[in-house]
Amino acid sequence: MPSAATVAAGSTAPPGRFGTAEEAAAAALFIMADTYVTGQVTSLDGGETFA
């Protein structure tokens, strides 16, 4: 069970929660897949740097 401070910090992100391990893994798998992605910095912050 996350603490109240953890829940409050996650609620400030645009999705309203912290990302899951599965979501982070999906992003990593996309980068490692056989795609043409070079020289890209990928932020896994739920849109926090964009908002």
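The sequence shown begins at 1110 in our numbering and counts up by one.
Glycine included, every Cβ here is placed at the ideal spot set by N, Cα and C.
Unbroken alpha helix (DSSP H) stretches of 4 residues or longer found wholly inside the stretch 1114–1151: 1130–1141, given in chain order.
In terms of Cβ geometry, Ser1152 and Thr1158 form a close pair [threshold 8 Å]. Cα atoms of Leu1138 and Ala1114: separation of roughly 30 Å, rounded to the nearest angstrom.
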